[in-house]
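Worksheet for the structure shown next.
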Amino acid sequence: MKKHFLKITLNFSAIVLLLALIVTPLYFAKNAAKVAGVKSQSKYLVISQIDKFPNMKLTQSADNFTISFNKLGPSQLFQDIMIINNPTNSSQKYSLNVISANIEVFFGNDLTDRQIRIIIPSQTSVPISLSSKEDSSQTQEAVFRLTVEDE
1 MKKHFLKITL
11 NFSAIVLLLA
21 LIVTPLYFAK
31 NAAKVAGVKS
41 QSKYLVISQI
51 DKFPNMKLTQ
61 SADNFTISFN
71 KLGPSQLFQD
81 IMIINNPTNS
91 SQKYSLNVIS
101 ANIEVFFGND
111 LTDRQIRIII
121 PSQTSVPISL
131 SSKEDSSQTQ
141 EAVFRLTVED
151 E
C-alpha cells in the first residue's frame, strides 16, 4: 500500500514539476515581449555634449536643466552643449524657458538668430547653445526648462 501511495505521489510531483518547467519560460517570454514592444512616449530625447566642455556640469530634474561652469573670460559662447531629438512621428513645438538672468540659452548656434521657440520635424535633431553675458562672477549657472507646446 505504501509503495502504491509513493508512486502516485511521485507521479503527481513529476507532473507538477513538468508543468512548472513548461509554463515558467512562457510566462517570462510573454512579459519580455511586453517590455520589448513598448513604444517611447517621450516628446524629446536629450543628448548631452557637456563632456566636450571643460569645467561644465549638467544636472537634470524632470524638464529642468542646470548647467554650471567656470568662466574663462568676461563673456563666452558655448555652441551645441546639448542636442534635442524629436523621436515622435510628427513635428513638435519646443520652447526654452530660461530662469537665469545673466545666461542666454537658445536653439541652434546662430548668434544673430537666437531662437527660444522652435518647431522640430519628426526624427530630427537641433542643438542648444549657451551664451554668458558679461559678469564679474567667476562661476555661472544656467537654469532653464525645456517644454513641448501643443499645436
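Heads up: the sequence shown at position 111 corresponds to 111 in full-length UniProt numbering, and the numbers run straight through without jumps.
Ideal Cβ positions, reconstructed from N, Cα and C, are used throughout, including at glycine.
From a predicted model like this one, the values you see are computed outputs, not experimental measurements.
Distance between beta carbons of residue j and residue i, contact taken as under 8 angstroms
{"i": "residue 140", "j": "residue 97", "result": "Wrong, their Cβ atoms sit about 18 angstroms apart, outside the cutoff."}
{"i": "residue 44", "j": "residue 86", "result": "6 angstroms"}
{"i": "residue 62", "j": "residue 105", "result": "Incorrect: roughly 17 angstroms between the Cβ atoms, too far for contact."}
Reduced DSSP secondary structure (H/G/I, E/B, other) of residue i
{"i": "residue 112", "result": "coil"}
{"i": "residue 48", "result": "strand"}
{"i": "residue 57", "result": "strand"}
{"i": "residue 132", "result": "strand"}
Continuous beta strand (DSSP E) stretch holding residue i: start and end
{"i": "residue 139", "result": "139-149"}
{"i": "residue 122", "result": "Where residue 122 is concerned, there is no enclosing beta strand (DSSP E), given that its DSSP letter is neither H nor E."}
Buried/exposed call for residue i, threshold 16 Cβ in 10 Å
{"i": "residue 146", "result": "buried"}
{"i": "residue 129", "result": "buried"}
{"i": "residue 91", "result": "exposed"}
{"i": "residue 78", "result": "buried"}
Continuous beta strand (DSSP E) assignments of at least 3 residues falling wholly in the segment 61-104: 64-70, 76-85 and 92-98
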